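First the structure, in the form of structure tokens, and then the observations on it.
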Amino acid sequence: MSTALAETEETVEKRADDLAPVQEMVLACIQCGTCTGSCPNAFAMDRTPRQMWRLVLTGRKEAIFSSQTFSLCSACYQCTLRCPRGLPLTEAIGRLKQIAAKERLPRYKKSTRFYESFISSVRRHGKVREMEFMTLYFLSMKNPFLPLKFSSLGVRLMGRGKVSLQVPSRGKRPLEYLFKKVEEMEADG
Amino acid sequence: MKYLYYPGCSLEGTAAEYDISTRAFLEAAGVELTELEDWTCCGASAAEAVSELLSYALPARNLALAEKMSQDSDLLVPCSACYLNLKKVEVKAKEKAAFREKINRILAEEDLLIRGKTRVRHLLDVVSRDLGAERIKKHVTRSLEGLTIAPYYGCQCLRPYRVFDDPEAPQSMAPLIEATGAAVHPWDMGARCCGASHMSTKQEVALELVGAILKAARGADAVATVCPMCQMNLEAYQAKVSENIGEAANITIVYLPQLLGLAMGLSEKDVRLDLNLAVDPAFRTKLP
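Going line by line, the protein sequences match chains W and B.
Under my numbering, think of the first position of the first sequence as 1, with each following residue one higher.
Under my numbering, think of the first position of the second sequence as 190, with each following residue one higher.
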């Protein structure tokens, strides 16, 4: 067996471990489809939320992480509110997003990098600096045309003095201890 | 009435007018705010997508700061995303000793501690229940009669926690709008999602959601919001939405405290209407 293949299998197994707590959260799912009927983003999904929960319960990791469904959740909590079994569905989707971020799955690069850039700005300053966050996002995406999509809004916001050009900067890092401690505790499991 | 105040990051930047108008309106209504000292980011929707523990630790630090300032207080939060993140930790900290213990192990490095004493309150909760439409009516010096306002609540101040309003068919803004003399636009889009951060990462999806909301708002003179993310999504992409739906989707989008402030005699400058991205000239003309 080649090393590359061994690593792949290890990754898949790791993902199965990560999936276990999510499976537990939706164990009582009766496949009624209320989540699908309540989801404002269902129209754009390749698999419905109901189908995705079935894939989670049957441990179909490849299918879950080749679909855009969980990354299309905008956290409106409509499904969580309406689920007749009272399952924490939005929270469970958050866990799937965390797995995708942790494994740096390329399919979710846009959302993952967006969130990570935000958090990185928070880690530097304790608060998010909106222009710095967007600059970090553009840099991480390495797409020279991406900033153009946002330029007209950026100009309107700058015109009102709401944002200013900010080069990613070093700060006092008031939350560094908190981030470090969280990482330490997560590593310990 | 006294509250601790957590503005959140957006209110120091793209939503500056939400911060300014909230402070000005509440002061005019006799409410006293004390800003939370040394507050930091709540994690927004980003922390949950990166790490579960981080998504609790970031808001928890702010609740610990609130407890340090006052043993037992109400923390007023205008941003719905901040509100929900802080609320989640409040609820978990009240329910579970193990959760408090875990979080306190992190906060101990800064000599902070959460006991689960702070009550997290959304601005709309405080305005609709503590202040109330009747009291606001007494402060109204400039009736907004002739204007029709569409109340837009968004998601996270309503769901998943059922605190001050019906999470499916919210009503709390209606009496407040009526107190100003304005009429309430009849619609059922007030609790529909605006797409949140999809506007940056999956824009075509968010534009669909915003398109449906703006279309349903036709007939109103303005939409009133209580969240900086909703406000931005509804006001900043109207040209693209118009192109998408093939008809003009332009409409004024204001924060609720701006509207209430105007009715209470504050000037456009006091509530910084100049900072909004979508204010229709017709809206200004109709303002008495």
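Backbone N, C-alpha and C fix where the C-beta goes; we use that ideal spot for every residue, glycine too.
Predicted model, so just to flag it, every value in this text is computed and none were measured.
Item, Value
"Mind listing the chain B neighbours of residue 174 (chain W)? Cutoff is C-beta to C-beta under 7 angstroms, in chain order.", "229"
"Going by Cα to Cα distance, which pick from W:123, W:67, W:35 is closest to residue 100 (chain W)?", "W:67"
"Measure the C-alpha to C-alpha separation of residue 261 (chain B) and residue 194 (chain B) and round it to an integer number of angstroms.", "14 angstroms"
"Whose C-beta lies closer than 8 angstroms to the C-beta of residue 85 (chain W) among residues of the same chain, with five residues either side of it excluded?", "28, 29, 30"
"Per DSSP, residue 194 (chain B) forms a beta bridge with which residues?", "B:224, B:265"
"Out of curiosity, what's the CA-to-CA distance linking residue 457 (chain B) and residue 206 (chain B)?", "11 angstroms"
"I'd like to check one pair, residue 342 (chain B) with residue 402 (chain B): are the Cβ atoms closer than 9 angstroms?", "no"
"Figure out for me which residue from B:370, B:394, B:214, B:398 has the closest Cα to the Cα of residue 312 (chain B).", "B:214"
"Terminal residues of the continuous alpha helix (DSSP H) containing residue 363 (chain B)?", "362–368"
"What first and last residue would you give for the alpha helix (DSSP H) that runs through residue 295 (chain B)?", "286–296"
"Going by DSSP, what residue range makes up the beta strand (DSSP E) through residue 390 (chain B)?", "From DSSP, residue 390 (chain B) is part of no beta strand (DSSP E) but of the alpha helix (DSSP H) over 387–390."
"Helix, strand or coil for residue 119 (chain W)? Go by DSSP, reduced to three states.", "helix"
"Could you tell me whether the Cβ of residue 41 (chain W) comes closer than 9 angstroms to any Cβ of chain B?", "yes"
"Within 10 angstroms of the Cβ of residue 351 (chain B), are there 16 or more other Cβ atoms? Answer buried if so, exposed if not.", "exposed"
"If we count the other Cβ atoms within 10 Å of its Cβ and call it buried at 16 or more, is residue 132 (chain W) buried or exposed?", "buried"
"Buried or exposed, going by whether 16 or more other CB atoms sit within 10 Å of the CB of residue 17 (chain W)?", "exposed"
"Between residue 158 (chain W) and the rest of its own chain, which residues show a CB-CB distance below 8 angstroms, the 5 nearest in sequence each way excluded?", "164, 165"
"Does the beta carbon of residue 35 (chain W) sit closer than 9 angstroms to a beta carbon anywhere in chain B?", "no"
"In the DSSP assignment, find the unbroken alpha helix (DSSP H) run with residue 182 (chain W) in it and report its ends.", "176–187"
"For the structure I just gave you, are there three or more beta carbon pairs, one from the segment 120–139 of chain W and one from the segment 406–413 of chain B, closer than 8 angstroms?", "no"
"State the Cα-Cα distance for the pair residue 180 (chain W) and residue 74 (chain W), rounded to the nearest angstrom.", "28 angstroms"
"Would a check of beta-carbon distances place residue 198 (chain B) closer than 9 angstroms to chain W?", "yes"
"In whole angstroms, what separates the C-alpha of residue 197 (chain B) from that of residue 230 (chain B)?", "6 angstroms"
"According to DSSP, is residue 190 (chain W) part of a helix, a strand, or is it coil?", "There is simply no residue 190 (chain W) to check, as chain W begins at 1 and stops at 189 in what is shown."
"How about residue 414 (chain B): is its C-beta nearer than 9 angstroms to some C-beta of chain W?", "no"
"Apart from the five residues on each side of it in sequence, which residues of its chain come closer than 7 angstroms, Cβ to Cβ, to residue 233 (chain B)?", "270"
"Just curious, the beta strand (DSSP E) that residue 444 (chain B) is in, first and last residue?", "441–444"
"Alpha carbon to alpha carbon, how far is residue 444 (chain B) from residue 366 (chain B)? Give it in angstroms, no decimals.", "12 angstroms"
"Consider the Cβ of residue 247 (chain B): report whether some Cβ of chain W lies at a distance smaller than 9 angstroms.", "yes"
"When the Cβ atoms of the segment 117–127 of chain W are set against those of the segment 89–99 of chain W, are three or more pairs found closer than 8 angstroms?", "no"
"CB-CB under 6 angstroms to residue 463 (chain B), same chain, minus the five flanking residues each way: which ones, in chain order?", "none"
"Ignore the nearest five residues each way along the sequence and tell me which others in residue 251 (chain B)'s own chain have a CB closer than 7 angstroms to its CB.", "195, 225, 228, 229, 231, 275"
"Taking 9 angstroms as the threshold (C-beta atoms), are residue 441 (chain B) and residue 422 (chain B) in contact?", "no"
"Between residue 144 (chain W) and residue 391 (chain B), what straight-line distance do the alpha-carbon atoms span, to the nearest angstrom?", "18 angstroms"
"Identify which residue in W:105, W:40, W:71, W:106 has its Cα closest to the Cα of residue 91 (chain W).", "W:71"
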